[in-house]
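Undergrad:
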Amino acid sequence: MEVSDDANKELIREGWRHVSVPGVYMEDNWPLREAATDPEGRFTAVAGTRGFCVLDADRDRWRMFGDVSQERSLDVTALMWCRDAVLLITRTWPRPDVAPLHEVLLIQHDALDLNSALARFTLPPARPLCWHVRGDMLLLLDDACVLSRYAFAWPAPDAAGKPPPAPSTTWLAALFGSGGARPSHWVRVTDPQAPVQCFQVSALRVTCPTFATACSIVPASRDPHHGPK
13 MEVSDDANKE
23 LIREGWRHVS
33 VPGVYMEDNW
43 PLREAATDPE
53 GRFTAVAGTR
63 GFCVLDADRD
73 RWRMFGDVSQ
83 ERSLDVTALM
93 WCRDAVLLIT
103 RTWPRPDVAP
113 LHEVLLIQHD
123 ALDLNSALAR
133 FTLPPARPLC
143 WHVRGDMLLL
153 LDDACVLSRY
163 AFAWPAPDAA
173 GKPPPAPSTT
183 WLAALFGSGG
193 ARPSHWVRVT
203 DPQAPVQCFQ
213 VSALRVTCPT
223 FATACSIVPA
233 SRDPHHGPK
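And the structure:
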């Protein structure tokens, strides 16, 4: 969308900054569907029909995928930030007659390459409805009425290979209670050169339509989407 000179000057007077998404990206991926700014306010990621690109506001520079085929493989349904990395939820259709699969990807803002993703894992077979990131924690509610939280642990394992402790979950204690606060399932451990690990901390089945009612904790040994094993 073009902004007139007069409108741009008014935005500047009001403290806004007008930037243009690169035309080479917009040509194939219009319209924009998602946008998110990192916690420090320096980087902004935007996603159109496929892929995404990142603006470095300090340098006034956009970064895009070097491999266009990787960009086109990403159908982004959620765009967030975890520290200085872009956190995505994407979907793919194995076949036209089946429900899509959803993945979570964590990609460094200055290395848009799926081969160097910091973390990548497939979500359970249910459609994500709502999501939120705080610190190193991803909170996700899906249409199977399961509320899950995933933690990203950035330090590398110790010499014995033991994973680092889970990040603090104090901010969720009032909602989740103390149950399920320990790591229950390791999803993916990345290459030691990019030591980000992700594990599912807990999953809750929402038993009523609103959060004002009780939630029942789903034990970590079970798949909340298919019941007890």
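Residue numbers for the sequence shown follow our numbering, beginning at 13 and rising by one. Quick reminder that beta carbons are idealized off the backbone N, C-alpha and C, glycines included. These numbers were taken from a predicted model, which means no experiment stands behind them.
Quick check: the segment 64-84 against the segment 114-130, are there 3 or more CB pairs under 8 Å?
TA: At 8 Å Cβ cutoff, the stretches touch.
Undergrad: Below 7 Å between beta carbons: does that hold for Phe164 and Asp148?
TA: Yes, these two residues count as a Cβ contact at 7 Å.
Undergrad: Using only CA atoms, which one of Ala111, Gly78, Asp87, Trp93 lies nearest to Ser128?
TA: Of Ala111, Gly78, Asp87, Trp93, the residue nearest in Cα terms is Gly78.
Undergrad: So, for Val31: in the same chain, excluding its five sequence neighbours on each side, which residues have a beta-carbon less than 7 Å away from its beta-carbon?
TA: Answer for Val31: Leu67, listed in chain order.
Undergrad: Does the segment 32-41 come close enough to the segment 58-67 to have 3 or more Cβ pairs within less than 8 Å?
TA: With the cut-off at 8 Å, the segment 32-41 and the segment 58-67 touch.
Undergrad: Quick check: Ile101 and Pro140, are their CB atoms within less than 7 Å of each other?
TA: Contact: yes.
Undergrad: Using the Cβ count rule (16 or more neighbours within 10 Å means buried), how would you classify His144?
TA: Exposed.
Undergrad: I'd like the list of long-range same chain contacts for Arg103, defined as Cβ closer than 8 Å, with 5 residues on each side in sequence excluded.
TA: For Arg103, where only same-chain residues beyond five positions count, the Cβ hits under 8 Å are Asp87, Thr89, Pro112, Leu113, His114, Glu115.
Undergrad: Quick check: what's the CA-CA separation for Trp93 versus Arg107?
TA: Each residue's alpha carbon lies about 30 Å from the other.
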